[in-house]
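The next block holds one structure in the form of structure tokens; read it before the comments.
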Amino acid sequence: MIIPEFEYLSPPSLQEACALLARYGDSAKVLAGGSDLLVKMKDGLMKPAYLVSLKSLDSLKGIRYETGRGVIIGARATHNEVMNSSILQEKYRSVCEAAHSMAADQIRNIGTVGGNLVNAVPSADLPPILIALDARARIVGSSQERTIPLEDFFLGPGKTVLENGEILAEIIIPDQPTTGSNYIKFGLRRAGALAVVGVASSVTISDGICQGVRIVLGAVAPTPMRALKAEKVLRGKKLSQELIDEAGRGAAAESKPISDLRGSIEYRRNLVNVLTKRSLKAAIEKGHV
Numbered sequence: 013m014i015i016p017e018f019e020y021l022s023p024p025s026l027q028e029a030c031a032l033l034a035r036y037g038d039s040a041k042v043l044a045g046g047s048d049l050l051v052k053m054k055d056g057l058m059k060p061a062y063l064v065s066l067k068s069l070d071s072l073k074g075i076r077y078e079t080g081r082g083v084i085i086g087a088r089a090t091h092n093e094v095m096n097s098s099i100l101q102e103k104y105r106s107v108c109e110a111a112h113s114m115a116a117d118q119i120r121n122i123g124t125v126g127g128n129l130v131n132a133v134p135s136a137d138l139p140p141i142l143i144a145l146d147a148r149a150r151i152v153g154s155s156q157e158r159t160i161p162l163e164d165f166f167l168g169p170g171k172t173v174l175e176n177g178e179i180l181a182e183i184i185i186p187d188q189p190t191t192g193s194n195y196i197k198f199g200l201r202r203a204g205a206l207a208v209v210g211v212a213s214s215v216t217i218s219d220g221i222c223q224g225v226r227i228v229l230g231a232v233a234p235t236p237m238r239a240l241k242a243e244k245v246l247r248g249k250k251l252s253q254e255l256i257d258e259a260g261r262g263a264a265a266e267s268k269p270i271s272d273l274r275g276s277i278e279y280r281r282n283l284v285n286v287l288t289k290r291s292l293k294a295a296i297e298k299g300h301v
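The sequence shown begins at 13 in my numbering and counts up one residue at a time.
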């Protein structure tokens with residue numbers, strides 16, 4: 013199918029891009045990598061009258077480290093840039109590994125972090141690990157900006173908190189030098205598969221005691237979800253295999269999967285149990301505990 017006609021707009025600044033989105037409302041869509049948007053347009057699933065391109069906005073590119081803030085990932089950073097970033101390799105290798113697990117190399121070359129997050133697909137690989145690392149989203153509008161926890165960014169499949177005229181500008185991962193993290197998923201193919209279940213975890217241990225832990229589940233609820241009860245099992249305690257097993261069972265009980273062609277509810281809950289235990293063990297090892 014031929015892509016419907018649209019007007020291509022290439023604003024020179026982020027503020028002007030936000031102003032254009034505010035002006036045209038639902039008739040406009042943001043174009044970054046286009047790996048998802050253009051396919052949907054070709055299939056007739058989206059028919060925007062205007063495409064607001066971010067390709068001239070260098071402020072949204074790149075990955076950098078800022079003292080006092082942490083690692084900053086620009087919304088236009090591609091998945092391959094994330095995967096190969098020396099900064100992320102040094103500080104948060106788990107984010108690189110999550111990016112590597114996504115799609116084919118050609119898609120990773122053009123698909124962007126911002127697009128991946130804004131699409132809000134429940135099975136996406138980046139949201140769980142970023143939430144496990146307590147990442148925050150910087151959102152810019154034409155007249156103001158706000159920064160929110162990434163776990164509050166998602167409202168449902170394809171739905172986020174972005175309001176008319178707002179753009180996701182960057183993701184901020186705070187410094188966590190003593191925290192280990194991991195992302196693991198199960199898919200139906202060896203490479204590039206959608207997650208049937210994904211689990212991310214981060215663990216901070218001091219003096220042998222678990223001081224902080226986050227367990228985030230993907231593809232088992234409308235949005236990435238924290239397994240809060242499972243986290244409580246571990247927090248403030250000296251970790252053992254028995255506690256990790258209990259956390260795995262707890263995460264499975266908290267999950268809210270559906271049955272579809274890729275797996276039943278029971279199958280997915282069993283995967284949550286297994287993957288949670290594996291992810292926690294890997295996170296602990298990466299934290300050099």
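All C-beta atoms in this analysis are idealised placements derived from N, C-alpha and C, irrespective of residue type, glycine included.
All of these numbers come straight from a predicted model, not from anything done at the bench.
Item: From K67, Q188 and E178, residue whose alpha carbon lies closest to that of T216; Value: Q188
Item: Same chain, Cβ closer than 6 Å to P139, neighbours up to 5 away in sequence not counted; Value: P236
Item: T159, buried or exposed, once every other Cβ within 10 Å from all chains shown has been counted against 16; Value: exposed
Item: Spatial neighbours of A61 in its chain, beta-carbon cut-off 8 Å, leaving aside the 5 residues before and after; Value: F18, E19, Y36, S39 and A40
Item: Backbone secondary structure at Y279 - three-state DSSP; Value: helix
Item: C-alpha gap between A233 and I270, whole angstroms; Value: 8 Å
Item: Burial state of V125 (16 or more Cβ within 10 Å); Value: buried
Item: Same chain, Cβ closer than 6 Å to K59, five either side skipped, listed in chain order; Value: P16
Item: Per-residue DSSP class, three states only, for Y20; Value: strand
Item: Short Cβ contact (7 Å threshold) for L72 with L66; Value: yes
Item: Reduced DSSP category for E178 - H, G, I as helix; E, B as strand; rest coil; Value: coil
Item: Contact the segment 272-287 vs the segment 246-255: 3+ CB pairs below 8 Å; Value: no
Item: Rounded C-alpha distance that separates R197 from H112; Value: Here residue 197 is Lys; the residue named in the question, Arg, does not match the sequence. If you take the alpha carbons of K197 and H112, they lie about 12 Å apart.
Item: For A87, three-class secondary structure by DSSP; Value: coil
Item: Beta-carbon proximity check, V211 vs G199, cutoff 7 Å; Value: no
Item: Simplified DSSP assignment, three categories, for V301; Value: Per-residue confidence for V301 stands at a pLDDT of 42, beneath the threshold of 50, marking its modelled position as unreliable; the derived number appears in the next sentence. Residue state, collapsed to three classes: coil.
Item: Stretch pair the segment 174-192 + the segment 139-154: three plus CB contacts closer than 8 Å; Value: yes
Item: Ordered list of alpha helix (DSSP H) runs contained in the segment 126-172, each at least 4 residues; Value: 138-144
Item: T79 burial status per 10 Å Cβ neighbour count (16 or more: buried); Value: exposed
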